[in-house]
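A.B. asks: Below: one structure in structure tokens.
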Amino acid sequence: MSDTADPGASSPAAMKPPRWSQRRRISIVLVLNLALIIGLVVAGLLAHSVSVLAAAGDTVADCFALVLGLVAIALRDRDPDRPHAQRPIAIAALVNATLLLIVTATVTVEAVSRLVEGSPSVEGLPMVVVSVATVIVMLTGALVLGRSAAGEDLHMRSVLIDAVADAAAAAAVAVAGAIILITNGLFWLDPVLALGVSALIAIAAIQLVVKAISALRGKQVEFDD
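The numbers in the numbering used here rise by one with no breaks, and the one at position 172 of the sequence shown is 659.
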């Protein structure tokens, strides 16, 4: 099937048909995420920030899920009318959500450890710079995906949720970094923020797991909640 085909784009939940195919949109978001990983890792190490390193881990997991999603889309588009054609998409969404839960669990353990043992000194400026850059990249990715992605299928919905959640988390990290920079203290904000972000991501991931399992069991999945 041609790359321009986009099964699911005609869903009633979509506001209007997307300009680009799912494959093209996912590929663009993948490139954006790959470019972002290096900056996040470098800034996280320089700033000694667990929240920035958490964002880097989340982005690595996102990239793996995006690659898996591209494979799932290719498998579906070979024969979209066959029974269980959407199964690879549900599997990709389930793997994506599972990876998010693993990342959030790892970040939670590190954040709690820092709170118990005392948070080390954190550099605010690298946190602010890389977080603002992350907000820009994630919002660009969300715009590329379009509002229709929320109602196309489980994987497109999961990618859009990731982009929006990552943008919100990065904005929060930027605020925390600015406070640390101005006060030259309050380093505990970094692990506390990491815990808050992890909780929000975990909630979205668990909801996605439930929907993916329901889809794999052959149930109709609703996208409007």
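Glycine included, C-beta positions come from ideal geometry on N, C-alpha and C.
Source: prediction; values computed, not measured.
1. Can you check the region 502-539 for any alpha helix (DSSP H) of at least 4 residues that lies completely inside it and give the ranges in chain order?
2. Leaving out five residues before and five after Gly611 in sequence, what residues of the same chain have Cβ atoms less than 7 Å from its Cβ?
3. By alpha-carbon positions, which one of Ile688, Leu587, Ser600, Ser536 ends up nearest to Ala661?
4. Count Cβ pairs between the region 574-584 and the region 644-652 that sit closer than 8 Å; are there 3 or more?
5. Spatial neighbours of Val516 within its chain, please: CB distance less than 8 Å, with the 5 preceding and 5 following residues excluded, ordered by chain position.
6. Classify Glu639 as helix, strand or coil using the three-state DSSP reduction.
7. Would you call the CB atoms of Leu562 and Ala543 closer than 8 Å?
8. Go to Asp677, then tell me how far its alpha helix (DSSP H) extends in each direction, as first and last residue.
9. For Leu532 and Thr546, which I take to be in contact (beta-carbon distance under 8 Å), what is that distance rounded to the nearest angstrom?
10. Determine the DSSP secondary structure at Asp564, reduced to helix, strand or coil.
11. Using the C-alpha atoms, what's the distance from Ser508 back to Asp493?
12. Secondary structure at Glu604, three-state DSSP: helix, strand or coil?
13. So, helix, strand or coil for Val609, using DSSP?
14. Hey, Met614 and Asp653 are a contact pair by Cβ (cut 8 Å); roughly how many whole angstroms apart?
15. Within this structure, are the beta carbons of Leu602 and Ala692 separated by less than 8 Å?
16. Do Ala681 and Val594 have their C-beta atoms closer together than 8 Å?
17. Select from Val696, Val609, Val622 the residue whose C-alpha is nearest the C-alpha of Leu673.
18. Report, in whole angstroms, the separation of the C-beta atoms of Val590 and Ala548, which I expect to be a contact under 8 Å.
19. Given that a residue counts as buried once 16 or more other Cβ atoms are within 10 Å of its Cβ, and exposed if not, what is Thr670?
20. Measuring straight from C-alpha to C-alpha, what distance separates Asp566 and Ser701?
21. By the 10 Å Cβ neighbour count, where 16 or more other Cβ atoms means buried, how is Lys698 classified, buried or exposed?
22. Ala592 and Val622: beta carbons closer than 8 Å?
C.D. replies: Straight from the coordinates:
1. 509-534
2. Gly664, Ala665, Ile667, Leu668
3. Ser536
4. yes
5. Leu553, Gly628, Val631, Leu632, Val646, Ala650
6. coil
7. no
8. 676-703
9. So it is not a contact: roughly 15 Å between Cβ atoms.
10. helix
11. Legend: pLDDT at Asp493 = 48, less than 50; position of this residue unreliable, no value from coordinates given.
12. helix
13. coil
14. Not a contact, Cβ separation roughly 15 Å.
15. no
16. yes
17. Val609
18. 5 Å
19. exposed
20. 22 Å
21. buried
22. no
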